[in-house]
Amino acid sequence: MYLYTLVSEILSSKLLNLEVLDISDNSFTNDILPSLGRFTSLKKLYLSETGLDSDLHIQGLCSMLKNLEVLDLSGNNFSDSDIGSALSGLSSLKSLNLGQTQLTPRSIILLDISKLRSLEILDLAGNQLNESILWRLENDGFTWPTKLQVLGLSSNSFSNKYLSSLNGFRRLKSLDLSDNQLEGSIDISGLLALTSLKILDLSYNQINSFVVHQGSKSLSKLDVLTLDSNVINGSKLRESLRAFSSIRMLSMTDTKIIGTVIAGDFRDLSNLEHLVLDNNYNLDNEFFISIGELTSLKVLSVLQCGINGTLPPADWFKLKKLEELDLSYNEFEGSLPSSFVNMTSLRMLELSHNHFIGQFDSNLASFTSLEYFGFTENQFEVPISFTPFANHSNLKFIYGEGNKVILDSEPSLQIWIPKFQLQVLNLSSTTRTNSLPLPNFLLYQNNLTSLDFTSCRLEGDFPHWLLENNTKMTELLVRNCSFTGSFLLPWQPLPNMRKIDVSDNNIIGQIPSNNLSSILPNLQFLNLSRNHLQGSIPSEFGQMNLLDTLDLSDNNLSGEIPKNISGDRSLLKFLKLSNNKLDGPVFPTLKYLEQLYLDGNSLYGSIPSSFLNSSLQNLDISNNHLVGKLPSVVGNLSNLVVLSLSNNHLEGSIPRRLVVELYSLKYLNISYNNLTGSVPSFINSSVNYIHLSNNRLSGLSKRMFSNLSYIVMLDLSYNEISNGIQDMIQDLIHTRLNIFLAKSNHFTGNLPKQLCQLVDLSILDLSFNNFSGAIPNCLGKIPFEKDGSLNAAFNGVVRGENSDAGIQIPNVGEKANFTTKEMPYTYTGSILAFMTGIDLSNNKLKGNIPSELGNLTRIRALNLSHNDFIGQIPASFSNLVQIESLDLSFNKLSGQIPPRLTRLTFLAVFSVAHNNLSGETPERKGQFITFDESSYEGNPFLCGPPLPKSCNPYGQPHPISPNRSYTDEDNSSLLDMFVFWVSFGLSYTSVLLVIAATLYINPYWRRAWFYYIELVSTNCYYFIEDNFRRFSNFRNK
């Protein structure tokens, strides 16, 4: 209390004549009020949201502020207080705001507020008031202040009944009853007593129509009617609006319309000038058929109503008074109708975000008053000469990005002198034309503040004369315009220039270094990336005090990075110098830098210690020649989100503090270095993307992850890790892991059964290890389902604490190396989100391939090659309907290839080579007609096309393989027959020699042999003789 008094004494002594004091949105108590009484000259006092919780000291304050006219007490708590009586002494008060003050029947005591005879504005919004409370007070003798002109009763609980009792408001000009409990058909008889009413807000109720009794007068002075967010009955709309025939402005946004509403429903509103129907998804293009009847309209907005089809050929030309028309964010298609002309008063036309096509030359020519034209994201064809705008003298703003800029059909019309001076020209294009001439009319423009020709494929040198002619310009955006030549600066300063983007062109030469900071003293954004710039980076960038974004990436810049580029005078937050030819050490000073990209250069030396005490959020120094160890002390890098140090020569172990103390880290990539030791624990880390591949890491921490971890990518490929994978997989169960790559390590033992619980996996690669044993049957239960969040996750959007929310990590496009279709691929972004696969190749796995793997119906690649699997290929593999690559080669599989595999219509690569398979190859149909001999080779008992071995050597030969010539086929057949007969002769001779030798050596077997031969011969003789006689007798009959 003493502090309040002391401060007020000091202030009041110096501000004796203070008339306006606003201390809203602070945390005070009622104790501050007496000290405010010293400001006796106050006329306006704002105490909204200040923590007042009673009427204590309010009456005393009011007695001292005799001149007070405006008092705002909204957002405080006057529950069960006598606030009305406390305010009764403010005889000069004209405006009182008690909104959201938790008034109750006791605290409101409106009897005393009625004594505020000068009160003109009263706001009682959000106090749960209803007609019962007010009626009870009126029965006790309450009357409203007689001069009241504005009454706010929004966000209360008034029903239809209250409207019938509206009297005593002869001077009321504005009534707000929005967000109450008005519903159904409203009898407006009570409103007719408000003869001075000009503004009526009934929005956010459930009104569907108005009842007007025959012979009733209308609200003759009503100008503005707001019916937003109601439920309007379209069939009764015209009748309902007759009582409001005088209105000039009508708003019906976000309204649920039952039935059909057409423009003719508003024809009785003869004074209607402003009609807003935004966000009404029940409107259709039938609404516009009678639009010509609304001849008094000056403003029509039908934004974001989902209207589709063509714009009707209505009497648009009758809207002579129309000044603003907004049809944006709908689904209109086709060309503009020929009747869409002659709106000669039209100043603003907004057609953006539709599907209009064609040209608008004939339509636009008649809109001679046009100042603003927006047609963003349509399919209009805009001639590069801009001749459709030749008749316009008032045109100032053109927003047309996302359309097609084309060459003129009549080149002679390209040269003309414009009557207008543009301020904004935004025409970034979707055209695929290789080159277009720069519009000549720009030579006569000298008032441009913003110019955007992104992706227009303009020809010629960079137009530095645009900067010379337009000294008021604030932004120049000519990305991907095919400009050549040098980037030259104008002679005179451009003090208003804030943003320049000349990226993705063919600019050559060096970056201007003389007077850069004086010509562009207030530049904040400069992008010269993806050009052919050479030379060094000018040190003068360090003198551009307001520059916060600088992108010089993907050029041929060389030399060292200026040491002052982010010095004491710099406000640089974003610096990207990637993919140049820069060398030397990394500059030491970071100052305010938040995003730093130096990847793809030839920088050397160690990581500067200054990096450890900075505001960095993204740091990428990958693909350089940095040496030394990772810093063990992370200092003040608490904001670091992305850390990429891959493809350098860093060595030593990964410091545990680097992971644990970077509280905000989401993306870590230190792959392709010479790091050793164990992978640190990520239990206390928030990292989501982990890339540690291609190092010499040899172990895993005992506990790797916690139940709260969320991991999108874990890449441990190409290391020397041999143990701990079982414990790590157990930790990964609750992390929602999407991609797990552990290729080319030294893991041994059985595949962990916990793999089956990684139900969010999309890619699993454990190839080139020493795993043994069988594949767990439960592996076939991993769903490999795709959801929308996965695509977002691979593009740097990760879930936060709320699973429905997402955190965007800037400049992160995730990628993964995965072998499929017998080739290593690098999958990125949305393609990575599409890919699913399992690679267990080059291990020592054995046993049968589980038939449960056939349940992986969403998998696209399965590689089990180079193992020791036995048994048959599961017939269930025919259920892998989305598989594109299936490799079972170099195993010990036997039996027949399941013939139903031909159902796999997406299969592009198939290999069962080098097994023990037998029988016939699958039928040559569908995708299997594309597989050649290499898919089946190394199976000696397998036959059928495309193999040269026929399954029926005495039948019709199989079709000749397209990969073999007729000569090769003939030679192969002759060779095979020769080998067969030689083998047969040798075998037969060997058998005879063995029998003869046996009979000669053993006399018992010799006697038995000849006895057996004699017996067989005798039986054959009598059998033939008997059957011969029967045959002869049969023929004689």
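First residue of the sequence shown? That's 1 in full-length UniProt numbering, and the numbers climb one at a time after it.
From the three backbone atoms N, C-alpha and C, an ideal C-beta is built for every residue, glycine too.
- Along the length of the region 817–886, whole alpha helix (DSSP H) runs at least 4 residues long occupy 829–834, reported in chain order.
- Counting only residues of its own chain and dropping the five nearest sequence neighbours on each side, residue 439 has a CB closer than 7 Å to the CB of 384, 385 and 386.
- With a cutoff of 8 Å on beta-carbon distance, residue 935 and residue 911 are scored as near each other.
- In its chain, beyond the 5 residues on either side, 89 have a beta carbon closer than 6 Å to the beta carbon of residue 63.
- By the 16-neighbour rule on beta-carbons within 10 angstroms, residue 531 is buried.
- Residue 771 has 749 as its beta-bridge partners, per DSSP.
- For residue 61, no beta strand (DSSP E) run applies; the uninterrupted alpha helix (DSSP H) run containing it begins and ends at 58–64, by DSSP.
- Under DSSP, residue 89 shares a beta bridge with no residue.
- Residue 397 and residue 371 do touch by the CB rule: their CB atoms are close to 7 Å apart, below 8 Å.
- Only buried fits residue 820, as 16 or more other CB atoms lie within 10 angstroms of its CB.
- Cβ atoms of residue 207 and residue 188 stay farther apart than 8 Å, at about 10 Å.
- If only uninterrupted beta strand (DSSP E) runs of at least 3 residues are considered, those enclosed by the region 378–464 are 379–383, 397–399, 404–406, 424–426 and 450–452.
- In the three-state reduction of the DSSP assignment, residue 720 falls in the coil class, being assigned neither a helical nor a strand state.
- Contact check for residue 675 against residue 650 passes: the beta carbons are separated by less than 8 Å.
- In this structure, the beta-carbon distance from residue 121 to residue 95 falls below 8 Å.
- Residue 227 is positioned such that its CB atom lies closer than 8 Å to that of residue 202.
- Within the same chain, and ignoring the five residues on either side of residue 712 in sequence, the residues whose Cβ sits closer than 6 Å to its Cβ are 688, 689, 738 and 793.
- Here the region 53–62 lies against the region 24–40, with 3 or more beta-carbon pairs under 8 Å apart.
- The C-beta of residue 601 has 16 or more other C-beta atoms within 10 Å across all chains shown, which makes the residue buried.
- Residue 68 sits away from residue 48, with the two beta carbons spaced by 8 Å or more.
- Per DSSP, the unbroken alpha helix (DSSP H) holding residue 237 starts and ends at 237–240.
- Residue range 131–139 is occupied by the alpha helix (DSSP H) that includes residue 139, with no beta strand (DSSP E) assigned at that position.
- Residue 97 carries a strand assignment under DSSP once its states are collapsed to helix, strand and coil.
- Distances from the alpha-carbon of residue 392 to those of 73, 578 and 346 put 346 closest.
- Taking each of 303, 669, 427 and 508 in turn and checking the Cα distance to residue 654, the smallest one comes out for 669.
- CA-to-CA, the gap between residue 448 and residue 427 works out to about 14 Å.
- Distance check between residue 548 and each of 434, 835, 576 and 281 places 576 closest, using alpha-carbon atoms only.
- In the three-state DSSP reduction, residue 309 falls in the strand class (E or B).
- DSSP places residue 325 in the strand class (E or B) of the three-state scheme.
- Annotation for residue 500: 476 and 526 place their beta carbon closer than 6 Å to its own, counting only its chain and skipping 5 residues before and after.
- For residue 677, same chain residues with a beta-carbon under 8 Å away, outside a window of 5 residues either side, are 652, 653, 654, 697, 698 and 699 in chain order.
- Out of 847, 603 and 758, the CA that lies nearest to the CA of residue 772 is found in 847.
- Residue pairing by DSSP puts residue 667 in a beta bridge opposite 642 and 689.
- DSSP, reduced to helix, strand and coil, places residue 549 within a strand of the structure shown.
- For the options 379, 452, 784 and 598, the alpha carbon positioned closest to that of residue 503 is the one of 452.
- Excluding the 5 residues flanking it on each side, residue 517 has same chain C-beta neighbours closer than 6 Å at 540, 543 and 544, in chain order.
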